[in-house]
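*Asks:* Using the working numbering, the first residue of the sequence shown is number 5, and each one after it goes up by one.
One structure coming up, written as structure tokens, with questions to follow.
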Amino acid sequence: MLVWWPVYPEFFRDLFVRSFTTGLADGTLTGRVTEGTWRRALNRLADAANVCGSCGAATFWDQDAPTRACWNCGRAGTPPALLSIGGHHVVLAEGNPVTSHHLLHDRDYRTAVARVETLDGSQGTLLLRNLTPATWSVTPAGEETKTVRPNQRLRIRPMDIDFGGQKGTIGAGGR
Ligand SMILES: [Zn+2]
5 MLVWWPVYPE FFRDLFVRSF TTGLADGTLT GRVTEGTWRR ALNRLADAAN VCGSCGAATF
65 WDQDAPTRAC WNCGRAGTPP ALLSIGGHHV VLAEGNPVTS HHLLHDRDYR TAVARVETLD
125 GSQGTLLLRN LTPATWSVTP AGEETKTVRP NQRLRIRPMD IDFGGQKGTI GAGGR
């Protein structure tokens, strides 16, 4: 447990502390950590899953400590690309799915609407694949608006994305 504790983002550790201190004695909704709060926290934790750019270790991106050193190699982390949509911040690291819930708040955490892939299987260029039946409209910073058809991929860089009704932005984490 002592090994894993510092790996978690601050918001998650705060919840544990609250849960096993004031939350134990205070049974009100403001004291006790409810099931719904845990569920949201675990979803947020999944959205923060990241990969160390130096050693490839699995890490979590911490909004409250964006430059925190990697638990494995000790190097300072590079803030990952973040997709912000509907109040969620999803780390765009390889393998991380963007789910239907991120777009529609429909509690469908299984259906992926987009997936982060790499160009050549290495950790170089990250791409986002459109897994929806809709054509996306994207406006990368300093570029013209382009379309991304179903199953097409786009290179991840700062941009505005219209997923066909729901709008999001991609930016660097830690701003
Ligand atoms: Zn590392």
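In this text, a Cβ means the ideal position worked out from N, Cα and C, and glycines have one as well.
The structure displayed is predicted, hence computed values, not measured ones.
Using a strict less-than 5 Å threshold between each residue's beta carbon and the heavy atoms of ligand 1, what residues do you get?
*Replies:* Residues flagged by the Cβ proximity filter: Cys56, Ser58, Cys59, Ala61, Cys74, Asn76 and Cys77.
*Asks:* Within a Cβ cutoff of 6 Å, which residues of the same chain sit near Thr82, ignoring the five residues on either side of it in sequence?
*Replies:* Once the five neighbours on either side are set aside, the close Cβ partners of Thr82 are Gly57.
*Asks:* Give me the Cβ distance between Gln67 and Pro13, rounded to the nearest whole Å; I'm assuming they're in contact under 8 Å.
*Replies:* Between Pro13 and Gln67 the Cβ distance is about 7 Å, and since that is below 8 Å, they are a contact.
*Asks:* In chain order, what residues of the same chain have a beta carbon less than 8 Å from the beta carbon of Thr139, not counting five sequence neighbours either side?
*Replies:* Taken in chain order, the residues that qualify are Thr151, Val152, Arg153, Pro154 and Gly168.
*Asks:* Please say whether Leu135 and Val120 have beta carbons closer to each other than 9 Å?
*Replies:* It is not a contact, given that the beta carbons lie outside the stated cut-off.
*Asks:* From which residue to which residue does the beta strand (DSSP E) around Ser104 run?
*Replies:* Not the beta strand (DSSP E): Ser104 falls in the alpha helix (DSSP H), residues Ser104 to Leu108.
*Asks:* Do Phe15 and Ala53 count as a contact pair if the criterion is CB distance below 9 Å?
*Replies:* Contact: no.
*Asks:* So for Phe16, helix, strand or coil by DSSP?
*Replies:* Of the three classes helix, strand and coil, the one that applies to Phe16 here is helix, per DSSP.
*Asks:* Assuming the contact rule is C-beta atoms closer than 8 Å, Ala61 and Trp75 should be a hit. Round their C-beta distance to whole Å, please.
*Replies:* With 8 Å as the limit, Ala61 and Trp75 qualify as a contact, their Cβ atoms being about 7 Å apart.
*Asks:* With distances taken between CB atoms, is the gap from Ala116 to Pro137 smaller than 9 Å?
*Replies:* Contact flag unset, no.
*Asks:* Starting from the Cα of Ala176, find the closest Cα among Ala145, Asp166 and Thr149 and give me that residue.
*Replies:* Residue Ala145 is the option with its Cα nearest to Ala176.
*Asks:* Cβ of Ile165 within 9 Å of Cβ of Leu87?
*Replies:* Yes. Within cutoff.
*Asks:* Looking only at its own chain, which residues have a Cβ that is under 8 Å from the Cβ of Arg17, when we skip the five neighbours before and after it?
*Replies:* Cβ within range, chain order: Trp9.
*Asks:* From Arg179 to Ser23, what does the alpha carbon distance come to, in whole angstroms?
*Replies:* For Arg179, the predicted model reports a pLDDT of 46, less than 50, meaning its position is unreliable; a value from the coordinates is still stated below. So the two alpha carbons sit approximately 29 Å from each other.
*Asks:* So, helix, strand or coil for Trp9, using DSSP?
*Replies:* Helix at Trp9.
*Asks:* Do you know how far the Cα of Met5 is from the Cα of Gly40?
*Replies:* Rounded to whole angstroms, Gly40 to Met5 spans 24 Å at the Cα level.
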